[in-house]
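Using my numbering, you'd call the opening residue of the sequence shown number 233 and step up by one each time. Every residue gets a Cβ at the ideal spot worked out from N, C-alpha and C, and that includes glycine. Note sheet for the following structure.
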Amino acid sequence: MLVLRTDHKPLLAIFGKNKGIKVFSASRLQRWALLLTNYDFKIEFVSTNQMGMADTLSRLISEKSELEDKVIALVSGSENCSNEDSSDEDSLLVEESVKYVLNIMLDEVPVNAEQVKSETENDSELKMIKRFIKNGWPKVVSDPALSIWSNRRQELEVIEECIMFSGKIVIPKKFEEKCIESVT
């Protein structure tokens with residue numbers, strides 16, 4: 233039997249002896265209850281003063297600090313990158329291989345790189361995103377459509393004037409239906 237110790241008393245009522253959860257409870261609680269039905273466990277309350285080690289790390293954080301965006305242009309496999317010619321060659325090699333992958337991916341969809349590039353310029357949202365990727369994102373993005381992309385800005389890049397998200401091409405709205413039809 234597994235013994236769960238918690239300093240959060242409401243968990244006793246939620247997952248306690250009867251281990252039942254009401255139908256109208258939050259779906260997250262229902263998922264946890266379903267997961268816990270696989271285990272034979274008992275839940276005990278232990279006051280925070282007696283737990284000590286459990287939340288020591290969270291209490292050591294004195295203040296919340298904003299993470300700073302750091303732009304990394306190229307990561308080289310060699311330890312000593314003092315040779316500028318070698319670094320330039322590496323940079324060109326990486327750029328060429330990324331362009332090659334972009335073209336291979338575009339072979340899989342019913343549009344070509346020029347169409348995606350052109351329509352990205354015509355799509356106001358994608359045009360703004362591309363500008364932010366190239367010039368840096370503002371601290372606060374008020375437009376909800378752009379804030380979705382802002383939250384994922386580390387996964388965005390511009391290659392051959394096309395926007396890539398996590399290594400995948402961002403298809404402009406004009407071509408979305410055409411691309412979806414091609415895979416169905």
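Asked: In whole angstroms, what is the alpha-carbon distance linking Thr280 and Leu244?; Found: 15 angstroms
Asked: Identify the continuous beta strand (DSSP E) that holds Val390 and give its terminal residues.; Found: Leu388 to Ile391
Asked: Would you kindly work out how many angstroms separate the C-alpha atoms of Leu266 and Ile365, rounded to a whole number?; Found: 43 angstroms
Asked: Closest to Ser272 by CA distance: which of Phe247, Gln282 and Leu234 is it?; Found: The residue you asked about is not Ser; residue 272 is Asp in the sequence shown. It is Leu234.
Asked: According to DSSP, simplified to helix, strand and coil, what is Met396?; Found: strand
Asked: Looking at the secondary structure, which residues open and close the alpha helix (DSSP H) in which Arg237 lies?; Found: That residue, Arg237, is in no alpha helix (DSSP H); its beta strand (DSSP E) goes Leu234 to Thr238.
Asked: Helix, strand or coil: how does DSSP classify Lys274 here?; Found: strand
Asked: Is the segment 365-380 touching the segment 341-352, taking contact as three or more C-beta pairs under 8 angstroms?; Found: no
Asked: If Asp355 and Met283 are in contact, beta carbons under 8 angstroms, what's the gap, nearest whole angstrom?; Found: Between Met283 and Asp355 the Cβ distance is about 53 angstroms, and since that is not below 8 angstroms, they are no contact.
Asked: Measure the alpha-carbon distance for Thr269 versus Leu236 and round it to whole angstroms.; Found: 14 angstroms
Asked: For Phe247, which residues in the same chain have their Cβ closer than 7 angstroms to its Cβ, ignoring the five residues on either side in sequence?; Found: Ala265, Leu268 and Ile275
Asked: Out of curiosity, what's the CA-to-CA distance linking Glu408 and Met396?; Found: 15 angstroms
Asked: In angstroms, rounded to a whole number, what distance separates the CA positions of Asn367 and Arg260?; Found: 40 angstroms
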